[in-house]
Amino acid sequence: MNDAAPAPTPAPAPRKRARVRAPELIGKGGWLNTGGKELTLADLRGKCVVIDFWTFCCINCLHVLDELRELEEKHRDTLVIVGVHSPKFVHEAEHQAVVDAVERYEVHHPVLDDPELATWKQYAVRAWPTLVVVDPEGYVVAQHAGEGHANAIRTLVEELEAEHEAKGTLRRGDGPYVAPEPVATDLRFPGKAVLLPSGNYLVSDTTRHQLVELAPDGETVVRRIGEKDFREPQGLALLPDGKVVVADTVHHALRTFDPATGVIELIAGTGKQWWQGSPTSGPALDVDLSSPWDVAWWQGKVWIAMAGVHQLWTYDPETRTVEVAAGTTNEGLLDGAAAEAWFAQPSGLAATEDRLWIADSETSALRWIDPEGTVHTAVGTGLFDFGHRDGAAGQALLQHPLGVTALPDGSVAISDTYNHALRRFDPATGEVTTLATDLREPSDAVLVGDDIVVVESARHRLTRLRLPEEAVQVESVAHRTRREATEVAPGRLRLDVVFQAPTGQKLDERYGPSTRLLVSSTPPELLRDGEGTGTDLFRELELDPAVPEGVLHVSAMAASCDDDPANEYPACHVHQQDWGVPVKVTEGGANRLPLILAGMDTP
0 MNDAAPAPTP
10 APAPRKRARV
20 RAPELIGKGG
30 WLNTGGKELT
40 LADLRGKCVV
50 IDFWTFCCIN
60 CLHVLDELRE
70 LEEKHRDTLV
80 IVGVHSPKFV
90 HEAEHQAVVD
100 AVERYEVHHP
110 VLDDPELATW
120 KQYAVRAWPT
130 LVVVDPEGYV
140 VAQHAGEGHA
150 NAIRTLVEEL
160 EAEHEAKGTL
170 RRGDGPYVAP
180 EPVATDLRFP
190 GKAVLLPSGN
200 YLVSDTTRHQ
210 LVELAPDGET
220 VVRRIGEKDF
230 REPQGLALLP
240 DGKVVVADTV
250 HHALRTFDPA
260 TGVIELIAGT
270 GKQWWQGSPT
280 SGPALDVDLS
290 SPWDVAWWQG
300 KVWIAMAGVH
310 QLWTYDPETR
320 TVEVAAGTTN
330 EGLLDGAAAE
340 AWFAQPSGLA
350 ATEDRLWIAD
360 SETSALRWID
370 PEGTVHTAVG
380 TGLFDFGHRD
390 GAAGQALLQH
400 PLGVTALPDG
410 SVAISDTYNH
420 ALRRFDPATG
430 EVTTLATDLR
440 EPSDAVLVGD
450 DIVVVESARH
460 RLTRLRLPEE
470 AVQVESVAHR
480 TRREATEVAP
490 GRLRLDVVFQ
500 APTGQKLDER
510 YGPSTRLLVS
520 STPPELLRDG
530 EGTGTDLFRE
540 LELDPAVPEG
550 VLHVSAMAAS
560 CDDDPANEYP
570 ACHVHQQDWG
580 VPVKVTEGGA
590 NRLPLILAGM
600 DTP
């Protein structure tokens, strides 16, 4: 028996961060927002650096741009955010398209245009968006994928500031951002348009955060509306009472505008972004929304293309409630019953009596839902195939369409945004044709008599076209995403989602498991075992060696809360990301697949 007093428990040692030298930033497209200067990591030495791997088609990337704005402003003398634009679609590899996107989304930091994914590969990035934190001495200290990491990065930046201030390795002062010269145009990256009963057009002037009413010539400005009310508005729909419902995208809200009185009214959304676990139905002003991109009046309700969560929702003006109408939040292309269907950033809607047409942008697909609630695909195959190919719908290709317009003969016009084209699908023949080319990022179109008025977003104007009697002949092209497939071994594959709670936080287990992992595959036959939902952030998968390639769909969520026993109501933060990982099954491939949600992979 030992009667000696127990030794005092030592204080926990500060977390030791892994240090990996950051690879250089290289990209054939060069630098934007630097006044023409080429930047290197050496130029940024002494600053905390957050590298944001993004692509402008990706709604989650746009959410992260918004998340980072407060951090960027608060720490502007010690922190430099660098965007590395890493394209998914062929159009996104065009330099001018990146220039447009940087202005369109008000990116106020240096951006490297990396059309060949050179820096993406150097940093072993697997998902859009991914954030990499580099310390003032040029070492990678953390990596985060997906949304919801702003608080964790803020904490880490404050730690790095204190640490490197003490070491004398922190350099304060202005960063390398140089604002481009503003350009004067009546519209700036307009999103959607609607024809008013007066014959005027109402246009969402997205980058200037307002609506603009134009005369019937489509050019003369009648009035500007709501510059203090909207934030990057997109979709518009005329309601039976004469009001227009507006998708107030970055405010995560719906508003109505009354053309007769000029009154703007909030009808749905709280201003906060919806996260997994939040209510999916209820009083419209009490339920969070997520980047509503378009709206349509169908079957007595406002249907909402909820791009931020890959779903369709509805707003009922009679009960003033919202609810999910279709989609699971999984990102992909899966038809069937509305509650089980998958979408990928639905961005355009058009209603006819018996169909609601959907431009499903990330799957480059045209889809529709019938009055019984079944989802169908007319054109498109999935997340990674796109192009410009006419002909039978089963083999036709689109590239990230943002708009769809019902035509009088039962066909639809598709604003095929990244192909700079207006396409047509005829359900009667099952054929896809091209109506017009040489448009610049068309995002919507409005039927006016025998003409169609196209919103040319990247030319900042409306363009009136005569609906052609004959299709335009276009040389067919087919593409797959530029991302290289990950080589994995047949048989057992260990999937690890890496998550380390930020300093001062812990996983929130008070009400049950605080993590979730969902795994599936395309084709489904790729996975012999391991599909489904669980609460562990790891999974033993078994791949079928008879399936040579496919896509693993992985969705992970982790909730962490402030680790303060004295605080009965600690602040909590949700971190989540969806991955679509192209894999190639080969002998000698990897038998472990790490996906970083937050932290560093140290197997």
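Sequential numbering from 0 applies to the sequence shown in numbering that gives the first Met the number 0. Backbone N, C-alpha and C fix where the C-beta goes; we use that ideal spot for every residue, glycine too.
Check your understanding: Per DSSP, what kind of secondary structure is residue 435 in: helix, strand or coil?
Key -> strand
Review point. When the Cα of residue 31 is compared with those of 23, 294 and 96, which residue comes out closest?
Key: 96
Review point. What's the call for residue 608, buried or exposed, on a 16-neighbour Cβ count within 10 Å?
Key: Only positions 0 to 602 of the chain appear in this structure, which leaves residue 608 out of reach.
Exercise for review: Please report the Cβ distance between residue 549 and residue 521, rounded to the nearest whole angstrom; I am assuming they are in contact, meaning their Cβ atoms lie under 8 Å.
Suggested key: 6 Å
Practice item. Could you check the C-alpha separation between residue 343 and residue 382 for me, to the nearest Å? Key: 8 Å
Exercise for review: Decide if residue 475 is buried, meaning its Cβ has at least 16 other Cβ atoms within 10 Å, or exposed.
Suggested key: exposed
Practice item. Please name the residue in 103, 443, 44 and 177 whose C-alpha comes closest to that of residue 401. Key: 443
Review point. With 16 other CB atoms within 10 Å as the buried threshold, where does residue 11 fall?
Key: Residue placement at residue 11 is poorly supported in this model, since its pLDDT is 40, which falls under 50; the coordinates are not used for a value here.
Review point. When you compare only the Cα positions, how much space is there between residue 499 and residue 596?
Key: 8 Å
Exercise for review: With residue 30 as the anchor, note down where its beta strand (DSSP E) starts and where it stops.
Suggested key: 29-31
Point to revise | Option nearest residue 222 by Cα separation, candidates 166, 210 and 243 | key: 210
Practice item. Evaluate contact between the segment 237-252 and the segment 264-277, counting only Cβ atoms and requiring at least three cross-stretch pairs below 8 Å. Key: yes
**Study point:** The alpha helix (DSSP H) enclosing residue 249, as first and last residue numbers
**Key:** Element bounds for residue 249: n/a, residue is neither H nor E.
Practice item. Can you tell me which of the three DSSP states residue 127 falls into? Key: coil
Point to revise | For residue 102 and residue 7, the rounded distance between their alpha carbons | key: In this predicted model, residue 7 has a pLDDT of only 40, less than 50, meaning its place in the structure is not dependable; the value taken from the coordinates is given anyway. In a straight line, the C-alpha of residue 7 is about 58 Å away from that of residue 102.
Review point. From residue 177 to residue 586, what distance separates their C-alpha atoms?
Key: 49 Å
Review point. For the 8 Å Cβ check, are there 3 or more pairs between the segment 192-205 and the segment 53-67?
Key: no
Review point. For residue 285, which three-state DSSP category applies?
Key: helix
Point to revise | Cβ shell of residue 5 (< 6 Å), same chain only, five flanking positions each side left out | key: Caution is warranted here: a pLDDT of 36 is assigned to residue 5, below 50, making its placement in the model unreliable, and no coordinate value can be reported.
Check your understanding: Is the beta carbon of residue 83 sitting closer than 7 Å to the one on residue 50?
Key -> yes
Practice item. Measure the Cβ-Cβ separation of residue 312 and residue 350 and say whether it is below 7 Å. Key: no
Practice item. On a CA-only basis, which of 134, 25 and 179 is nearest residue 35? Give me that one, please. Key: 179
Exercise for review: Compare the beta carbon distance of residue 431 and residue 392 with 7 Å and say whether it is the shorter of the two.
Suggested key: yes
**Study point:** Unbroken alpha helix (DSSP H) run spanning residue 64, endpoints
**Key:** 58-73
Review point. Quick one, are the C-beta atoms of residue 171 and residue 76 less than 7 Å apart?
Key: yes
Check your understanding: For residue 173, which option in 71, 226 and 121 has the closest C-alpha, if you only look at C-alpha atoms?
Key -> 71
Point to revise | Buried or exposed (CB count within 10 angstroms, at least 16 for buried), residue 9 | key: Legend: pLDDT at residue 9 = 41, less than 50; position of this residue unreliable, value from coordinates given subsequently. Exposed, by the Cβ-count rule.
Check your understanding: Assuming residue 108 and residue 81 make a contact with CB atoms under 8 Å, what is their CB distance in whole Å?
Key -> 7 Å
Practice item. Provide the residue span of the alpha helix (DSSP H) that contains residue 25, from first to last. Key: From DSSP, residue 25 is part of no alpha helix (DSSP H); its letter is neither H nor E.
Exercise for review: Kindly list the residues whose CB is nearer than 6 Å to the CB of residue 142, restricted to its own chain and excluding five residues on each side of it in sequence; keep chain order.
Suggested key: 131 and 595
Check your understanding: Could you check where the beta strand (DSSP E) with residue 548 kicks off and where it finishes?
Key -> 548-561
Exercise for review: Can you give me the Cβ contacts of residue 198 inside the same chain, cut-off strictly under 7 Å, excluding the 5 residues immediately before and after it?
Suggested key: 215
**Study point:** Inter-residue CB distance, residue 282 and residue 320 (contact presumed, cutoff 8 Å)
**Key:** 6 Å
Check your understanding: For residue 52, is the classification buried or exposed, using 16 other Cβ atoms within 10 angstroms of its Cβ as the cut-off for buried?
Key -> buried
**Study point:** Residue closest to residue 486, alpha-carbon to alpha-carbon, out of 589, 449 and 446
**Key:** 589
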